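2 protein chains.
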Amino acid sequence: MPAPAQFVEFVDTHADKFIQRLADAVAIPSVSGEAGRREDVVKMAHWLNGQLNSLGVTTELRDLGKHVMDGQELSLPPAILGRMGDDPKKKTILIYGHFDVQPAFKSDGWDTEPFKLVIDSKTGRLIGRGSTDDKGPIMGWLNVLETHKSLGLELPVNLRFCFEGMEESGSEGLDDLIVSETKKGKEGWFDGVDCVCISDNYWLNDRTPCLTYGLRGLSYFKIVVQGPARDLHSGMFGRAVHEPMTDLIALMSKLVTPDGKILVPGVDEMVPAADDEEKKIYNSLDYSIADVEDAVGGKIAISADKATVLMGRMRMPSLSLHGIEGAFYGAGAKTVIPAKVSGKFSIRLVPPQTPDKINPLVVKYLESEFAKLNSKNQLSVECLHGGKPWVADIKHWNYEAAIKATQAVYKKQPDLTREGGSIPVTLTFAESLGVNVLLLPMGRGDDGAHSTNEKLDRSNYIEGTKLLGTYLYEAAAISA
Amino acid sequence: MPAPAQFVEFVDTHADKFIQRLADAVAIPSVSGEAGRREDVVKMAHWLNGQLNSLGVTTELRDLGKHVMDGQELSLPPAILGRMGDDPKKKTILIYGHFDVQPAFKSDGWDTEPFKLVIDSKTGRLIGRGSTDDKGPIMGWLNVLETHKSLGLELPVNLRFCFEGMEESGSEGLDDLIVSETKKGKEGWFDGVDCVCISDNYWLNDRTPCLTYGLRGLSYFKIVVQGPARDLHSGMFGRAVHEPMTDLIALMSKLVTPDGKILVPGVDEMVPAADDEEKKIYNSLDYSIADVEDAVGGKIAISADKATVLMGRMRMPSLSLHGIEGAFYGAGAKTVIPAKVSGKFSIRLVPPQTPDKINPLVVKYLESEFAKLNSKNQLSVECLHGGKPWVADIKHWNYEAAIKATQAVYKKQPDLTREGGSIPVTLTFAESLGVNVLLLPMGRGDDGAHSTNEKLDRSNYIEGTKLLGTYLYEAAAISA
Ligand SMILES: [Zn+2]
Ligand SMILES: [Zn+2]
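These protein sequences, in sequence, are chains A and U. Mapped onto the working numbering, the consecutive letters of the first sequence carry residue numbers 24 to 503. Mapped onto the working numbering, the consecutive letters of the second sequence carry residue numbers 24 to 503.
Here it is in structure tokens:
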């Protein structure tokens, strides 16, 4: 059951009005990471709440308490819980989005004012902070609701909404809210939810729509090596004492090879190898080695084999060395022997890896490698934070519906992708609700979500609005 | 020919007056590293010049031009050239010292006002900035001159003086001055100099006087590895691209072992091994492994063998890893793949090593090790700066005189030591004048030259004054 023709037609004929809605949203500089913009995040919550109410959504602004930022105690912006439809014969879909944005200053290198949506008629780009991350997708849902209200159409599913204003600053308070609304039983806002749809990521490229069914987890480590009571002069003590930096660099060099193989025994081995069939999936993705190299700005792909590079990003763990705290980091030349140095690295995890399974392997390996150094310095290893990976069942009707909707709107088979990074709320929804979660992106890989000149292509916004609506109809039509 | 008994007696009976001279010098806060104190460095130059003149020394204040500090153009403080005696039958000894000091604020942790000399009658310590580095030794020379003037004694040698006010800030302008005064022929201030005596270092410990006859040189390196055009997100690109940090850490791990062996082929090998006789010298020094570990504040000596530890510091090259520029260095956890990272390390050099001989070995080794990594990132190696090592002939009469003077004053055999660090002016004197240079310290190893609560023990100041005077008599007595 594709969406009714009048739905699609209405979206096309009201495109300018929908773009104005996005412009209104972008104009509120709801930067969650700046204390001075906190009022604007709250203003954005009220603006969005007003839109939802006017389109028939029952809502509640939920206070999430206070937190400290830049030494200042601030109230967290409220989360918005919403409900539309309670028909027990319909499926119930929970929509997530965030109405806060990354900081942006024209002086960062923007060509236009970041909080004024600029429509570039030559390229079709809608340029402004939050256009693609994540105001565009939220406006897409409002557009779907407005279209139905205007046409007097009934929605094919029940909807629940969860919109937050702290995503760019760690989603403070959200996990507790989700868990509590799930646990409440018949009184919880998320009772009876059949699946979740999140639009907060991007296509792999600028050509082919995708659905994302996996995210990597993370274990972040700090290796501390210390010896002398204070920094030493290398002239005075070089070759007289064990230097913490020598030991730390030796340890850090034993973690990963230049081509990405993780040397901690048991880590790579925990992941089943891809068979030929799975490799085919990666080879068929519309994402080439050249796309990867374009994106990073250097011809440094880890392999000449496309499947190897894409699997390295999507279905393999990775280990990156981030830096060292406590050593000399400035420009110029300083002849110090640092007294205490802390190496930082992290491992991106894929199923069945979890921090609980990985961390002991890492700690044990580092301790045994350190013992081999025969150094009199002291080692300690800390696990700073972590998160589990997530992979969804792509045979679920939630994905089936999204695939059909993509085919209907874009006339293309979507790429089915896993992403290398984390969107922690995904795992929270999947684990606390126990339902299928779908990542259904609206924007393209070159949108520059956290960068200067963030944009959403007009066609992605308008076709994306159709996609979201069509997805609801396809979901409703499948017998679950 | 020891010093006349009346010389020694006069120094003892005038100790309080000499301490007052040191107090007057400490009271002028001649910090060369702070633009706001530049006037005080100039004031100190004029005060010292007045003292020299009143004691019969012919002097010239030499303008060294201007330089830029903290974005401000400043006149360099003048250097003082001095001359006393022109008897062709006498030896001519050049004395070097510096009248500038390190910065000091009570708030740094001083127990007393840094620029007010405090006499701790219980410990015998003279506490104040510059007391030991390097105003104490300069005052020692003035005390020797005053004693001779008061007693109507003729000096046994001709003296030349070179006092500067920028030593703690890179000795700007001094090298050129020394070279030009040497090259001038009969008109140069340093014409006819037979040897040099520098009092600007310290005993190894707080017990045994020492003479220092060697200093290590330095080659400072920067290893730059770069790949992507910008910093990357480790979730997005971990295991998809070659990461510069992985390559850099691999290279840095191949430079030195935890017990100090340098892995660059040809570097350690360039230094002849010590034979048993030389090892005996190190074993006989009054400096133990416990002294080293006390000084660094940790039980981290590189070996349980005393000679190995002391030779590591004094007569072997050492390689220290200082840090990384461009990587994450803060507290906390950041999941960045840095785009361009620069590893900093340096090698302390000993004869016959020089930067010219060592640098090509290092560059070649790093390039060949990088090639083995099979990385698509780019490597470049820079040599930031360097200096040659220096070792003096301890059989020279200059050292013979200092040994006899030490025996006469302290009733002890001095430790003959080499130091791990550099005092660049030493090499300039040795190379441009082509004469023997002696480092004859006045203070003790625990004086805290660049630290809080800098002190010079009263006995080191008074016996040190006797030592300097006696050294002149012993030098005069030896038939060169
Ligand atoms: Zn987002
Ligand atoms: Zn000094």
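Don't be surprised by glycine CBs; every beta carbon is placed ideally from N, CA and C. No experiment lies behind these values; they were computed from the predicted model shown.
**Prompt:** Does DSSP classify Ala-313/A as helix, strand or coil?
**Reply:** Position 290 of the first sequence, counted from the first residue, corresponds to residue 313/A. Residue state, collapsed to three classes: helix.
**Minimum Cβ-Cβ distance from Ser-192/U to chain A less than 8 Å** = For this step, residue 192/U is matched to residue 169 along the second sequence. Taking Cβ atoms only, chain A never reaches closer than 8 Å to Ser-192/U, which makes this a no.
**Request:** Report yes or no: is there a C-beta of chain A within less than 8 Å of the C-beta of Gly-321/U?
**Result:** Reading the second sequence from its first residue, position 298 is the one you call residue 321/U. Closer than 8 Å to some Cβ of chain A, the Cβ of Gly-321/U qualifies, so yes.
**Prompt:** Given Trp-420/U, which residues of its chain have a CB within under 6 Å of its CB, disregarding the five upstream and five downstream residues?
**Reply:** One-based indexing of the second sequence puts residue 420/U at position 397. Here the set comprises Ile-501, Ala-503.
**Whole-angstrom distance between Tyr-236/A and Thr-449/A, CA atom to CA atom** = As a first step, residue 449/A is located in the first sequence; it is residue number 426 there, counting from the start. As a first step, residue 236/A is located in the first sequence; it is residue number 213 there, counting from the start. Their Cα atoms are separated by approximately 10 Å.
**Asked** Going along the chain, which residues of the segment 247–262 of chain U sit with their C-beta nearer than 9 Å to a C-beta in chain A?
**Response** Gln-249, Gly-250, Pro-251, Ala-252, Arg-253, Leu-255, His-256, Ser-257, Gly-258, Met-259, Phe-260, Gly-261, Arg-262
**Request:** Would you be able to state if there are at least three C-beta pairs under 8 Å between the segment 119–130 of chain A and the segment 64–81 of chain A?
**Result:** yes
**Request:** Compute the distance between the beta-carbons of Thr-155/A and Ala-472/A, then report whether it is under 8 Å.
**Result:** As a working note, residue 155/A is residue 132 in the first sequence. As a working note, residue 472/A is residue 449 in the first sequence. It is a contact, given that the beta carbons lie within the stated cut-off.
**Request:** May I ask you to report which of helix, strand or coil DSSP gives Lys-357/U?
**Result:** As a position in the second sequence, residue 357/U is number 334, starting the count at 1. Correct three-state label for Lys-357/U: coil.
**Message:** Using a Cβ-Cβ cutoff of 7 Å, what residues of the segment 312–339 of chain U are near chain A? List them in chain order.
**Reply:** Val-315, Val-319, Gly-320, Gly-321, Lys-322, Ile-323, Ala-324, Ile-325, Val-332, Gly-335, Arg-336, Met-339
**Asked** Is there contact here, the segment 319–330 of chain A with the segment 256–273 of chain U, by at least three beta-carbon pairs under 8 Å?
**Response** yes
**Item:** Under the three-state DSSP convention, the category Asn-166/A falls into
**Value:** Here the question's residue 166/A lines up with position 143 in the first sequence. Helix.
**Request:** Determine the DSSP secondary structure at Ser-365/U, reduced to helix, strand or coil.
**Result:** Looking up residue 365/U in the second sequence gives position 342. Note: Ser-365/U maps to strand in three-state DSSP.
**Request:** Kindly indicate which three-state DSSP category Asn-476/A falls into: helix, strand or coil?
**Result:** Walking along the first sequence from the start, residue 476/A turns up at place 453. It is coil, neither helix nor strand.
**Item:** Stretch pair the segment 197–206 of chain U + the segment 125–141 of chain U: three plus CB contacts closer than 8 Å
**Value:** no
**Request:** Specify the secondary structure class of Glu-107/U as computed by DSSP and reduced to three states.
**Result:** Position 84 of the second sequence, counting from 1, holds the residue named residue 107/U. According to the sequence provided, residue 107/U is Met. The question's Glu does not apply to it. If DSSP states are grouped into helix, strand and coil, Met-107/U belongs with the strands.
**Request:** Look up Asp-143/A in the DSSP assignment and give the residues it is bridged to.
**Result:** Residue numbering aside, residue 143/A sits at position 120 when the first sequence is read from its first letter. Asp-143/A pairs with Arg-148/A.
**Asked** Thinking C-alpha only, which one of Glu-210/A, Ile-304/A, Lys-302/A, Leu-182/A is nearest Val-216/A?
**Response** Walking along the first sequence from the start, residue 216/A turns up at place 193. Nearest C-alpha to Val-216/A: Leu-182/A.
**Request:** Kindly give me the distance between the Cβ atoms of Phe-351/A and Lys-172/U, rounded to whole angstroms, as I take these residues to be in contact under 8 Å.
**Result:** The residue labelled residue 351/A in the question sits at position 328 within the first sequence. The residue labelled residue 172/U in the question sits at position 149 within the second sequence. 50 Å between Cβ atoms; not a contact.
**Asked** Which residues are close to ligand 2, meaning CB closer than 5 Å to any heavy atom, in chain order?
**Response** Asp-156/U, Asp-157/U, Asp-223/U
**Message:** Can you tell me where the alpha helix (DSSP H) holding Thr-331/A begins and where it ends?
**Reply:** Mapped onto the first sequence, residue 331/A falls at position 308. Per DSSP, Thr-331/A belongs to the alpha helix (DSSP H) from 329–337.
**Message:** At a threshold of 7 Å, does His-256/A count as lining ligand 1 (C-beta to nearest heavy atom)?
**Reply:** The residue labelled residue 256/A in the question sits at position 233 within the first sequence. Result no, Cβ not under 7 Å from ligand 1.
**Request:** Give the straight-line distance between the Cα atoms of His-90/A and Leu-99/A, rounded to the nearest whole angstrom.
**Result:** Here the question's residue 90/A lines up with position 67 in the first sequence. Here the question's residue 99/A lines up with position 76 in the first sequence. Whole-angstrom Cα-Cα distance: 7 Å.
**Prompt:** Closer than 8 Å, CB to CB, is Glu-169/A near chain U or not?
**Reply:** Counted from its first residue, the first sequence places residue 169/A at position 146. By this cut-off, Glu-169/A is not an interface position.
**Prompt:** By Cβ distance below 6 Å, which residues in the same chain neighbour Ile-347/A in space, the five residues on each side in sequence not counted?
**Reply:** For this step, residue 347/A is matched to residue 324 along the first sequence. Excluding sequence neighbours, Ile-347/A sits near Val-364, Gly-366.
**Request:** Check Tyr-225/U in the structure and name its three-state DSSP category.
**Result:** Numbered from 1 along the second sequence, position 202 holds the residue referred to as residue 225/U. If DSSP states are grouped into helix, strand and coil, Tyr-225/U belongs with the strands.
**Prompt:** Going by alpha carbons, who is nearest to Asp-47/A out of Lys-158/A, Tyr-225/A, Glu-57/A?
**Reply:** For this step, residue 47/A is matched to residue 24 along the first sequence. Of Lys-158/A, Tyr-225/A, Glu-57/A, the residue nearest in Cα terms is Lys-158/A.
**Request:** Indicate the three-state DSSP secondary structure (helix, strand or coil) for Phe-415/U in the structure shown.
**Result:** Start at 1 with the first residue of the second sequence, and residue 415/U comes out as number 392. Note that residue 415/U corresponds to Ala in the displayed sequence, not to Phe. The answer is coil: DSSP assigns Ala-415/U none of H, G, I, E or B.
**Request:** Note down the Cα distance separating Leu-439/A from Lys-427/A, rounded to an integer number of angstroms.
**Result:** Numbered from its first residue, the first sequence carries residue 439/A at position 416. Numbered from its first residue, the first sequence carries residue 427/A at position 404. Rounded to the nearest angstrom, the two C-alpha atoms are 13 Å apart.
**Asked** How about Leu-553/A and Leu-71/A: are their beta carbons less than 8 Å apart?
**Response** Since the first residue of chain A shown is 24 and the last is 503, residue 553/A is not available in this structure.
**Request:** Could you work out which residues of chain A lie near Val-359/U, taking near to mean beta carbons separated by less than 9 Å?
**Result:** Looking up residue 359/U in the second sequence gives position 336. What Val-359/U touches in chain A: Ser-343, His-345, Gly-346.
**Item:** Own chain partners of Pro-374/A with C-beta closer than 6 Å, once the 5 adjacent residues on each side are dropped
**Value:** Counting from 1 along the first sequence, the entry for residue 374/A is found at position 351. Hits under 6 Å: Pro-412, Val-414.
**Request:** Output the distance between the C-alpha atoms of Leu-75/A and Gly-250/U, rounded to the nearest integer angstrom.
**Result:** In the first sequence, the residue the question calls residue 75/A occupies position 52. In the second sequence, the residue the question calls residue 250/U occupies position 227. Rounded to the nearest angstrom, the two C-alpha atoms are 47 Å apart.
**Message:** Between which residues of its own chain and Val-34/U is the CB-CB distance below 7 Å, once the five residues before and five after are set aside?
**Reply:** Working through the second sequence from its first residue, we reach residue 34/U at position 11. Within the same chain, Val-34/U has close Cβ partners Asn-166, Thr-170, Ile-485, Thr-488, Lys-489.
**Request:** Put Glu-83/U into one of helix, strand or coil per three-state DSSP.
**Result:** Working through the second sequence from its first residue, we reach residue 83/U at position 60. Three-state result, Glu-83/U: strand.
**the segment 297–316 of chain U touching the segment 331–339 of chain U, judged by at least three CB pairs closer than 8 Å** = yes
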